[in-house]
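A.B. asks: Before I ask anything, here is the structure I am working with.
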Amino acid sequence: MRRSTFVVWPKGEGEGISLEALRAALEEYRGRLEKTGEQLDAPYASWAFPYEIEERERHGIRYLYLRGKGVTPQEYTGLLLTAGSADGQNVVQITVVRGATDGDFAKANELARYLARRWKAEIVLFTGKVKRQYAHAKR
1 MRRSTFVVWP KGEGEGISLE ALRAALEEYR GRLEKTGEQL DAPYASWAFP
51 YEIEERERHG IRYLYLRGKG VTPQEYTGLL LTAGSADGQN VVQITVVRGA
101 TDGDFAKANE LARYLARRWK AEIVLFTGKV KRQYAHAKR
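First residue of the sequence shown: 1, per the numbering used here; consecutive thereafter.
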């Protein structure tokens, strides 16, 4: 199985994606989870999004590092997210770090689904399958 999943826009669709827009989408996602937690009177956001968001750069490539903050190190390790364009398509790459847990793989899929729905894109899953998440137009 591959270590990355991708959120890909159809060619020519959407504006360019930036790391800032990606971070804003993650903050919005976390905000929604916090509201759910308020309604449930529980720390739902920390359960459903067990990461701290850090912006980093390596070899001239900027990326977001989601550092796992599970109760034990075996729960969540971390994810790397990059955003950019390739061959006229906007792409977000979500990569699980070495030593990633099953929880990290599940959260990567969950985040990919959320981002694809938000931006009407498709997902290239870890297995290589393509899943379309376009919003259906109301008639």
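Glycine is no exception: its CB is placed at the ideal position from the N, C-alpha and C atoms.
In this text the structure is predicted, and so the values were computed from the model without any measurement.
Using 9 Å as the threshold, is the C-beta distance between arginine 56 and leucine 64 below it?
C.D. replies: Yes, they are a contact pair.
A.B. asks: Quick one, are the C-beta atoms of threonine 82 and threonine 95 less than 9 Å apart?
C.D. replies: The answer is yes: Cβ separation under 9 Å.
A.B. asks: When you compare the CB positions of glutamate 54 and arginine 67, do they come within less than 9 Å of one another, or not?
C.D. replies: Yes, they are a contact pair.
A.B. asks: Use the C-beta contact count for leucine 40: other C-beta atoms within 10 angstroms, 16 or more gives buried, fewer gives exposed.
C.D. replies: Flag for leucine 40 reads exposed.
A.B. asks: If we ignore side chains and look at the alpha-carbon of each, how far apart do glutamate 122 and glutamate 110 end up?
C.D. replies: Glutamate 122 and glutamate 110: Cα-Cα distance of roughly 13 Å.
A.B. asks: Among the candidates Val124, Asn90, Glu52, whose CA atom is the shortest distance from the CA of leucine 80?
C.D. replies: For the residues Val124, Asn90, Glu52, the minimum Cα distance to leucine 80 belongs to Glu52.
A.B. asks: Based on Cα-Cα distance, which residue from Arg132, Val91, Tyr44 lies nearest to serine 4?
C.D. replies: Cα-wise, what sits closest to serine 4 is Val91.
A.B. asks: Using the C-alpha atoms, what's the distance from alanine 25 back to valine 124?
C.D. replies: When rounded, the distance between both Cα atoms is 19 Å.
A.B. asks: Using the Cβ count rule (16 or more neighbours within 10 Å means buried), how would you classify lysine 35?
C.D. replies: So lysine 35 ends up on the exposed side.
A.B. asks: Cα-Cα, which of Gly16, Glu15, Tyr44 is closest to tyrosine 29?
C.D. replies: Comparing Cα-Cα distances from tyrosine 29 to each of Gly16, Glu15, Tyr44, the minimum goes to Tyr44.
A.B. asks: Among residues of its own chain, excluding the 5 on either side of glycine 103, which ones have a beta-carbon nearer than 6 Å to its beta-carbon?
C.D. replies: Hits under 6 Å: Glu75, Tyr76.
A.B. asks: Looking only at its own chain, which residues have a Cβ that is under 6 Å from the Cβ of isoleucine 17, when we skip the five neighbours before and after it?
C.D. replies: Excluding positions up to five away in sequence, the list reads Ala83, Asn90.
A.B. asks: Glutamine 39 by DSSP, collapsed to three states: which one?
C.D. replies: Of the three classes helix, strand and coil, the one that applies to glutamine 39 here is helix, per DSSP.
A.B. asks: Reducing DSSP to helix, strand and coil, say where alanine 83 ends up.
C.D. replies: In the structure shown, alanine 83 sits in a strand (DSSP, three-state: E or B).
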